[in-house]
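One structure below.
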Amino acid sequence: YALQGSRWRTKTLRYKIMSWPSNLLDNKDGVRDVILESFKAWSDVSGLSFEEVGTGSKSNIEIRFASGDHGDGDAFDGPGGTLAHAFFPIYGGDAHFDDSENWKVDPRKRGGIDMFTVAAHEFGHSLGLSHSDVNEALMAPFYKPPSLDRDVIKEDDIKAIQELYGPPAADAAPAPRPRQPSSPGDRQDPDPILCQDSAVDAMLTIDVNGQKRTYVFKGDHYWRLTSSGVEKGYPRLIREMWGGLPDNLDAILPYEEADRIYFFKGSQYWRMTGLKLDPGYPKPISAGFPGIPDNLDAAFKWRANGKMYFFKGSQYWRFDSELETTGRPGVSDKYPQPISIWKGIPNNIDSVLIYENKRTYFFKGDSYYRFNDAAFSVDASYPRSTAEYWFGCT
Amino acid sequence: NPTLKDSPPESIIEAATYLARYGYSSSSPTEDKSGALVSLSSNLEEFQRFAGLKVTGVLDEATIEKMREPRCGVKDKLGPSYRARRRKR
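If you're matching them up, the sequences are chains P and L in order. Quick note: the first sequence uses this note's numbering, first residue 3, plus one each step. Quick note: the second sequence uses this note's numbering, first residue 178, plus one each step.
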């Protein structure tokens, strides 16, 4: 990696979007989200934090979409070629994007230039990073096709940004508790079952009617969580509300691309599509997930690479939807591997949760562990109390 | 050994423009006695090394292809001319 030589003196930076891409004027929210995500890629791995402000407010970094000569002496060149440029901190930190490009905010869309990838790169310059000669690094100068899981920051980039701004503070993103329920009527006293024994069977975050919902499954009950604890009106019975799912689940694996959720118990699994149980289930795990053992502890799809992982006892398996050797779904002969590879994660875990598609949390007994996907280890100051941080117990 | 003279002139101009734009050279290419374009050749080597290409100093197809990839407009090499041109917002 290469550092330009200047950096910001503050770790909280403000940005504002001064103009918008012509081809996305009807989707400013989408642009705004992608810009935020691009900054977040850096704040996830450094001591920085970012805040968007209005166009009339003072900011550190200004973002513009412009074409041709746009007043900074470095004219854009039309579609292709140069996509964007940005100024290092000592030159103001602004980021300019060529408005002649066919920008896209959805990486699944064919064609076009992925705004997230380019913006994350440009903001690297805004923060003081020069171009890297490590090909796979985000700070390499050449545009790479978009990554669906947004895993663009590589080790080279992390070393660079942390040299300037240090690692994320241990408490930078604690588990979800700061937001209070919307009205006093929504508040609930600490749940006696979860506060007495906070070990869970499984947890799940899914999108319901455009809102992220997090559920806890334990025995024959389930709970919906708020940002500060458990939602009023819970627990409820699994068998009454989840259309035929069994109690005492082993693991849950949401597969959001297909709007599907897989539930595992013993040697069987159930599948839901669009929150409705699919007919023909349960099926044997060996039929749908060849190579994966029965009686699982936990399962999840890792956002770092989009692969499905299954945990049991002291081992884990990676399930590929298309094995290189056979072209069919299955487990490579390299697996199982010891859980100890996931630095800091204990054996015999209870559940894994990808919370709001941002971070990976492992749960065991009354504790949880926040896993740093980039560093591939548990963050400092973990494990913490599940009861306190997730269920609002005091 | 092929020299830069074996490349079509428009490619040489394209490469020279590219190398100047992204910080690898600040002057026009010059020829040595054998007809090789000296400054372009050494700048090309520098670019090839940086881009992870085979370092030949020759304007081969892989190098031209790499130069035609969409990319960031910030220079790869930040020389004195870069610092002189940049002003604070």
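We put the CB at the ideal spot given by N, CA and C, even for glycine.
{"Item": "CB P/I263 to CB P/P237, shorter than 9 Å?", "Value": "no"}
{"Item": "Would you mind telling me which residues of chain L sit closer than 7 Å to P/G82, beta carbon to beta carbon, in chain order?", "Value": "P247"}
{"Item": "Comparing alpha-carbon positions, which option in P/L166, P/H72, P/Y224, P/A201 lies nearest P/T207?", "Value": "P/Y224"}
{"Item": "For P/A72, would you say it is in contact with chain L, using Cβ-to-Cβ distances shorter than 9 Å as the test?", "Value": "According to the sequence provided, residue 72 of chain P is His. The question's Ala does not apply to it. It does not: the Cβ of P/H72 has no partner Cβ on chain L nearer than 9 Å."}
{"Item": "Taking C-beta pairs closer than 8 Å, name the residues in chain L that P/A86 reaches, listed in chain order.", "Value": "C249, G250"}
{"Item": "If we call anything under 9 Å between Cβ atoms a contact, is P/D322 one with P/K309?", "Value": "yes"}
{"Item": "With a threshold of 9 Å between beta-carbons, can L/L221 be considered close to chain P, or not?", "Value": "no"}
{"Item": "Quick check on P/E398: does DSSP put it in helix, strand or coil?", "Value": "Outside the displayed span of chain P (3 to 396) sits residue 398 of chain P, for which this structure offers no information."}
{"Item": "From the beta carbon of P/E124, is the nearest beta carbon of chain L less than 9 Å away?", "Value": "yes"}
{"Item": "Provide the residue span of the beta strand (DSSP E) that contains P/R16, from first to last.", "Value": "14 to 19"}
{"Item": "Who are P/M310's beta bridge partners in DSSP?", "Value": "P/K303, P/F321"}
{"Item": "Which chain P residues are close to L/G229, counting only those with a beta carbon under 8 Å from its beta carbon?", "Value": "D135, N137"}
{"Item": "Where L/E187 and L/T194 are concerned, what is the direct C-alpha to C-alpha distance, given to the nearest angstrom?", "Value": "10 Å"}
{"Item": "Could you have a look at P/M141 and say whether DSSP puts it in helix, strand or coil?", "Value": "coil"}
{"Item": "Which residues bound the alpha helix (DSSP H) around L/T240?", "Value": "238 to 244"}
{"Item": "With a CB to CB cut of under 8 Å and the five nearest residues on each side skipped, what residues in its chain are close to P/R34?", "Value": "I19, E54"}
{"Item": "Any C-beta of chain P sitting closer than 9 Å to the C-beta of L/L199?", "Value": "The question names Leu, but residue 199 of chain L in the sequence shown is Tyr. So yes, L/Y199 belongs to the interface."}
{"Item": "P/Y167 lies in the alpha helix (DSSP H); which residues open and close that run?", "Value": "157 to 167"}
{"Item": "Nearest by alpha-carbon distance to P/G231: which of P/P338, P/V47, P/W392, P/P340 is it?", "Value": "P/W392"}
{"Item": "Which whole-angstrom value is the C-beta distance of P/Y363 and P/P385, which I expect to be below 8 Å?", "Value": "Not quite, the Cβ-Cβ distance comes to about 10 Å (not below 8 Å), so this is no contact."}
{"Item": "Given a threshold of 16 other Cβ atoms within 10 Å of its Cβ, counted over all protein chains shown, does P/N297 qualify as buried or as exposed?", "Value": "exposed"}
{"Item": "Verify whether the separation of the beta carbon atoms of P/D153 and P/S128 is less than 9 Å.", "Value": "no"}
{"Item": "On the criterion of 16 or more Cβ atoms from any shown chain inside 10 Å, does L/N220 qualify as buried, or is it exposed?", "Value": "buried"}
{"Item": "Among P/G58, P/I163, P/G168, P/P147, which one has its Cα closest to the Cα of P/S134?", "Value": "P/I163"}
{"Item": "Mind reading off the beta-carbon distance from P/G245 to P/K278? Whole number of angstroms is fine, and I expect it under 8 Å.", "Value": "7 Å"}
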